[in-house]
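**Student:** Residue numbering for the sequence shown follows UniProt numbering, starting at 1 and increasing by one per position.
Can you keep this structure in mind? I'll have questions shortly.
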Amino acid sequence: MDAIHILGGNALFGETKIQGSKNAVLPVMAAALLIQDVCMIENCPHISDVYHMQQLLESIGCKVVRSDKTLTIDARNILEDTMSGDHVTGMRSSITLLGAMLGRIGEVTMAYPGGCVIGERPIDMHLNALRRMGVVIYEKDGCFTARVKALEGAVIRLPVSSVGTTENVILAAVMAKGVTVIQNAAKEPEIVTLCEFLREAGAVIEGIGGSVLIIQGGHRLHGIRFRVPADRIVAGTYLMSVLGAGGHIFLEDAPVAQMRSMLRVAEEIGAEVHVTREGLNIIAKEYKKPIPYIKTEIYPGFPTDMQSPLMAVLSTCEGESVIEETIFEDRFRIVEQLRKMGASIELRGRRQAVIQGVDSLLGCEVAAEELRGGAALVIAGSMALGETVVKNCHFIERGYEDICRDYRNLGVHIFGK
Ligand code: EPU
């Protein structure tokens with residue numbers, strides 16, 4: 001798909017089912033590498049990042065078979081210790097294979113990971129934490145090699161509660177000798193999913209969901225069947241859409257328990273949200289209140305991944321809203337694109353955006369520069385009068401299985417070509 005065309009300006013009505021979570025399935029796929037057995041992972045979304053992770057696993061010797069939404073990963077034989085190429089450099093999550101490879105074979109050489117350009121995104125914390133477990137790391141020709149004779153449990157205090165670093169340390173720690181304690185661990189739901197997967201496979205992990213994780217390494221892991229939970233950020237995207245365009249939608253399977261901060265924002269803007277056993281009902285009015293101040297935070301605060309989608313909504317809320325981005329230092333890339341559509345947004349440095357609500361956005365051609373910013377442009381397109389064309393859709397395909405299908409289910413005139 002090259003571009004998404006949207007005829008916007010109408011309220012949303014309908015229902016759609018929420019796909020499995022990208023940021024949960026990727027570390028779970030990496031974790032399957034630790035298991036000298038076969039795992040079946042259900043509810044895997046059809047997105048390009050999952051495809052990249054599949055290719056990476058296959059490149060080192062795993063057998064991976066996809067049948068609709070189920071991936072069967074056979075990691076009994078690992079034949080390679082080197083990973084490079086587009087599958088590594090094109091996706092941030094490739095870094096979780098570092099901890100998994102160290103846990104499984106004690107060695108890996110890989111290119112530096114890529115992913116969305118939303119800030120510097122270094123991997124210093126990952127490397128420092130693993131060094132505490134006995135890993136030696138050296139760099140050569142744009143790649144790095146990490147090696148360890150035997151991983152050792154350690155007490156590791158993360159300077160920032162980084163999602164990826166927490167995942168990497170967990171993956172190494174379940175195979176290490178002794179106990180590992182991670183202090184200031186990330187508490188994001190995707191960390192909980194990874195721990196649950198490993199626990200079901202035989203790992204011993206305490207403190208799941210909290211900021212201190214205690215992992216007893218060295219337990220033998222066995223193959224399991226595991227279901228990936230629904231994607232809170234995809235559900236949040238459609239929630240933001242109905243807030244922006246108005247209407248009444250139902251999001252089947254939306255993981256509402258993980259979406260509290262987003263639901264508070266929805267109510268503050270003026271929508272009604274009703275949680276049912278099957279999902280989330282949202283009734284949004286045409287009149288929307290601004291949000292005087294909101295900042296992105298680690299979980300359970302308002303997620304950075306929802307910041308651009310919220311900005312699109314606030315661009316037509318009557319009055320002034322302020323968003324502060326506290327996680328990534330370069331995540332206001334859609335401001336220029338929203339301005340093209342008529343939004344009034346002023347940046348104060350790289351961390352604050354001041355949004356003055358305008359009557360309506362106007363459709364035009366815009367370009368995605370990263371995944372969530374791209375989704376935010378589709379939201380803006382569904383709100384805008386006339387036709388919006390969103391270019392660079394490959395960014396969106398990294399995380400949304402079929403965004404056009406989902407929006408059509410919600411009554412939007414949209415197609416990709
Ligand atoms: N950081 C460092 N050094 C490190 C690691 C992180 O300075 O070694 C910094 C980052 O630059 C950032 C902060 O620490 O400023 C937090 O980054 P974190 O490590 O938590 O983020 P991540 O693991 O790279 C994951 C998600 C992101 C999501 C963030 C925050 C995946 C694959 N990615 O990234 O999701 O925004 O956590 O919740 O799980 C997305 O899905 O579009 C996406 C970007």
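Don't be surprised by glycine CBs; every beta carbon is placed ideally from N, CA and C.
1) Name the one or two DSSP bridge partners that Ala201 has.
2) Count the other CB atoms, across all protein chains shown, that sit within 10 Å of the CB of His126; report buried if there are 16 or more and exposed otherwise.
3) Tell me His274's beta-bridge partners as DSSP assigns them.
4) Per DSSP, Leu71 is paired with what?
5) Taking the alpha-carbon positions, what's the Gln216 to Glu206 distance?
6) If you scan the region 131–192 from start to end, which runs of the alpha helix (DSSP H) of 4 or more residues do you find wholly inside it?
7) Using only CA atoms, which one of Gly14, Ala384, Leu57 and Arg76 lies nearest to Leu221?
8) Could you say which of Glu267, Arg225, Arg333 and Phe144 lies nearest to Ile95 if we only look at CA atoms?
9) Is it true that the region 21–40 meets the region 80–90, where meeting means three or more beta-carbon pairs spaced less than 8 Å apart?
10) Is Lys391 helix, strand or coil by DSSP?
11) Whole angstroms is fine: what's the gap from His413's alpha carbon to Glu139's?
12) Which residues in the same chain as Ser162 place their Cβ atom closer than 7 Å to its Cβ, once the five residues preceding and following it in sequence are excluded?
13) Would you say the beta carbon of Phe13 is closer than 8 Å to some non-hydrogen atom of the ligand SAM?
14) Tell me which residue opens and which closes the beta strand (DSSP E) that Gln356 is part of.
15) From Gly90 to Ile403, what does the alpha carbon distance come to, in whole angstroms?
16) Is the CB-CB distance between Leu213 and Ile170 below 9 Å?
17) Hey, would you say Gly399 sits closer than 9 Å to Ala380, going by beta carbons?
18) Roughly how many angstroms separate the alpha carbons of Asp141 and Met53, rounded to a whole number?
19) Going straight from the alpha carbon of Arg132 to that of Glu286, what length do you get?
20) Using 8 Å as the cut-off, can you tell me whether the region 300–315 makes contact with the region 364–374, which would need three or more C-beta pairs spanning the two stretches below that distance?
21) Using only the heavy atoms of the ligand EPU, determine whether one of them is closer than 8 Å to the beta carbon of Asp141.
22) Let me make sure I understand the geometry here. Which of Arg147, Ser211, Gly244 and Asp406 has the alpha-carbon closest to that of Leu251?
23) Does DSSP put Ser16 in a helix, in a strand, or in coil?
24) By DSSP, does Met101 sit in helix, in strand, or in coil?
25) What do you reckon, are the CB atoms on Gly357 and Ser321 nearer than 9 Å?
26) Reducing DSSP to helix, strand and coil, say where Met110 ends up.
27) Measuring straight from C-alpha to C-alpha, what distance separates Val136 and Met240?
28) Just list the residues that DSSP pairs Leu347 with in beta bridges.
29) Would you decide whether Pro159 is buried or exposed? Buried here means 16 or more other CB atoms lie within 10 Å of its CB.
30) Which residue wins for smallest C-alpha separation from Asn10, given the options Asn392, Lys177, Gly363 and Ala368?
31) Could you check whether the region 275–284 touches the region 246–260, counting it as contact only if at least three pairs of C-beta atoms, one from each stretch, sit closer than 8 Å?
32) Under the criterion of a Cβ to heavy atom distance below 8 Å, does Gly164 qualify as lining the ligand EPU?
33) Answer yes or no: the CB of Leu328 versus the heavy atoms of the ligand EPU, is any distance below 8 Å?
34) Are the Cβ atoms of Thr388 and Gly8 separated by less than 9 Å?
35) Using the Cβ count rule (16 or more neighbours within 10 Å means buried), how would you classify Leu79?
36) By the 10 Å Cβ neighbour count, where 16 or more other Cβ atoms means buried, how is Ser344 classified, buried or exposed?
**Tutor:** Well, looking at it:
1) Looking at the DSSP assignment, Ala201 forms no beta bridge with any residue, so it has no partner.
2) Flag for His126 reads buried.
3) Paired residue(s): Asn281.
4) Ile41 and Arg66
5) 9 Å
6) 163–173
7) Arg76
8) Checked all of Glu267, Arg225, Arg333 and Phe144; the closest Cα to Ile95 is Phe144.
9) They do not touch, by the three-pair rule.
10) strand
11) 50 Å
12) Result list for Ser162: Met125 and Ala186, in chain order.
13) Ligands present in the displayed structure are limited to the ligand EPU, and the ligand SAM is not among them.
14) Gln352 to Gln356
15) Spanning the two alpha carbons is a distance of roughly 21 Å.
16) yes
17) no
18) 23 Å
19) 54 Å
20) By the Cβ test, the region 300–315 is in contact with the region 364–374, since at least three Cβ pairs between them sit closer than 8 Å.
21) no
22) Looking at the Cα atoms, Asp406 is the closest of the given residues.
23) What sits at residue 16 in the sequence shown is Thr, not Ser. In the structure shown, Thr16 sits in a strand (DSSP, three-state: E or B).
24) Correct three-state label for Met101: helix.
25) yes
26) strand
27) 45 Å
28) Ala353.
29) Pro159 should be labelled exposed.
30) Ranked by Cα distance from Asn10, the first of Asn392, Lys177, Gly363 and Ala368 is Gly363.
31) With a cut-off of 8 Å on Cβ pairs, the region 275–284 is in contact with the region 246–260, counting three or more such pairs.
32) yes
33) The identity of residue 328 in the sequence shown is Phe, whereas the question assumes Leu. Flag set: Cβ of Phe328 near the ligand EPU.
34) yes
35) exposed
36) Classification for Ser344: exposed.
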